[in-house]
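Student: Count along the sequence shown from 1, add 83, and you get the number used in our numbering.
Think of the CB as a built atom: it goes at the ideal place given N, C-alpha and C, for glycine as much as any other residue.
Input: one structure, supplied below.
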Amino acid sequence: TVCALKETLSKCFLLGSLFEIFADWNVFHVISGGIAGGIEICITFPTEYVKTQLQLDEKANPPKYRGISDCVKQTVNSHGVRGLYRGLSSLLYGSIPKAAVRFGVFEFLSNKMRDETGKLDSKRGFLCGLGAGVAEAVVVVCPMETVKVKFIHDQTSANPKYRGFFHGVREIVRTEGLKGTYQGLTATVLKQGSNQAIRFYVMTSLRNWYKGDNPDKAINPLITGTFGAFAGAASVFGNTPLDVIKTRMQGLEAHKYKSTLDCAVKIMKHEGPKAFYKGTVPRLGRVCMDVAIVFIIYEEVVKVLNVVWKTD
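Pasting the structure below:
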């Protein structure tokens, strides 16, 4: 009886500890990151739509669009302004868990890797960002992005078959199984891992440079946004080829590729090296705004929540 009581108390203590961690870590960053992610997506999604369309527009077809403006023009003429927001729902539904995993894992890892003075250097920031990117890719981003890409690609067909987010997910799972929402997982892990590694590396480096020897020095939102834009631009130039491969692996014609490597080889063979940078300009505009807005809103929400919700 005593042993059983000890075991029960031990389990209660463990559950209590886990609940405390969840309350002070996950929920805190779900709220902060979710608000930031939701606002950012609504502002920048049209550029994500155009980027995805250009990446899916293969030369061999031949290309349907002559460029960014032509893509926007054709979409608006055919489907109205709302056509630029096709696939938005899939990102909105995934924004909160995506932000929770990204910022939650980063905060968790960074708290473990800070030095005795509480400082996180750029190299450790890179590793923490890598861990956050891989985690969000596996848990949220891959299924969310697969559905988004299929929605956008579906619109280019003569008879679109997806009537909405839940109908689309149901049809994908019905015809392809759960694995149908995990197309291009390897490419997504590579993309998200490198994305967040680069972004948090740049953000950590710039923050450390700005604060100098004063770790308590405040950073105003304008400077945070500027740092975020630089981080976003660096990630675009660093991993757009992986983003192109990921998009192709998640499109409706993904069956043409045997693997991530096969996809890369076929793009190089049939379309040349420039194809790996399709959609760079719209992606650059979106990502710079994306990262700047997310970091600004996230840190401002954290400041507000820290007033009413004390955490470590």
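Is residue 120 closer than 8 Å to residue 181 when the C-beta atoms are compared?
Tutor: Position 98 of the sequence shown, counted from the first residue, corresponds to residue 181. Position 37 of the sequence shown, counted from the first residue, corresponds to residue 120. It is a contact, given that the beta carbons lie within the stated cut-off.
Student: Any idea if residue 214 is buried or exposed, counting beta-carbon neighbours within 10 angstroms, 16 or more meaning buried?
Tutor: Residue mapping note: residue 214 aligns to position 131 of the sequence shown, counting from 1. The residue in question, residue 214, is buried, as its Cβ has 16 or more Cβ neighbours within 10 Å.
Student: With a floor of 4 residues, list each alpha helix (DSSP H) that falls wholly inside the segment 120-192, ordered by position along the chain.
Tutor: As far as the segment 120-192 is concerned, its whole alpha helix (DSSP H) runs of at least 4 residues are 151-162.
Student: My output table needs one value for residue 306: the three-state DSSP class, helix, strand or coil.
Tutor: Locating residue 306 in the sequence shown gives position 223, counting from the first residue. Looking at residue 306 - three-state DSSP - the assignment turns out to be helix.
Student: Give the range of the alpha helix (DSSP H) segment to which residue 279 is assigned.
Tutor: To locate residue 279, count along the sequence shown from 1; it is residue 196. From DSSP, the alpha helix (DSSP H) with residue 279 extends over 268-294.
Student: Does the beta-carbon distance from residue 282 to residue 318 come in below 8 Å?
Tutor: Residue mapping note: residue 282 aligns to position 199 of the sequence shown, counting from 1. Residue mapping note: residue 318 aligns to position 235 of the sequence shown, counting from 1. Their beta carbons are under 8 Å apart, which means residue 282 touches residue 318 by this criterion.
Student: Could you name the residues of the same chain whose beta carbon sits closer than 6 Å to that of residue 222, not counting the 5 residues immediately before and after it, in chain order?
Tutor: As a working mapping, residue 222 is identified with position 139 in the sequence shown. Cβ neighbours of residue 222 beyond the five flanking positions: 184.
Student: Between the Cα of residue 216 and the Cα atoms of 284, 341, 162, which residue gives the shortest distance?
Tutor: In the sequence shown, residue 216 corresponds to position 133, counting from 1. Residue 216 has its Cα closest to that of 284, out of 284, 341, 162.
Student: Determine the DSSP secondary structure at residue 361, reduced to helix, strand or coil.
Tutor: Against the sequence shown, residue 361 aligns to sequence position 278. In this structure, residue 361 counts as coil in the three-state DSSP scheme.
Student: At what residues does the alpha helix (DSSP H) containing residue 342 begin and finish?
Tutor: Sequence index remark: in the sequence shown, residue 342 carries index 259 (1-based). That residue, residue 342, is in no alpha helix (DSSP H); it is neither H nor E in DSSP.
Student: Of the choices 140, 381, 376, 391, whose alpha-carbon is the least far from that of residue 126?
Tutor: The sequence position of residue 126 within the sequence shown is 43, counting from 1. Among 140, 381, 376, 391, the Cα nearest to that of residue 126 is on 376.
Student: According to DSSP, simplified to helix, strand and coil, what is residue 325?
Tutor: By 1-based counting over the sequence shown, the position of residue 325 is 242. Residue 325: helix per DSSP, three-state reduction.
Student: What does the Cβ neighbour count give for residue 240, buried or exposed, with the cut at 16 atoms within 10 Å?
Tutor: In the sequence shown, residue 240 corresponds to position 157, counting from 1. That one is exposed.
Student: Please state whether DSSP places residue 298 in a helix, a strand or coil.
Tutor: Numbered from its first residue, the sequence shown carries residue 298 at position 215. Reduced to three states, the DSSP call for residue 298 is coil.
Student: So, for residue 245: in the same chain, excluding its five sequence neighbours on each side, which residues have a beta-carbon less than 8 Å away from its beta-carbon?
Tutor: Numbered from 1 along the sequence shown, position 162 holds the residue referred to as residue 245. Result list for residue 245: 233, 234, 237, 251, 254, in chain order.
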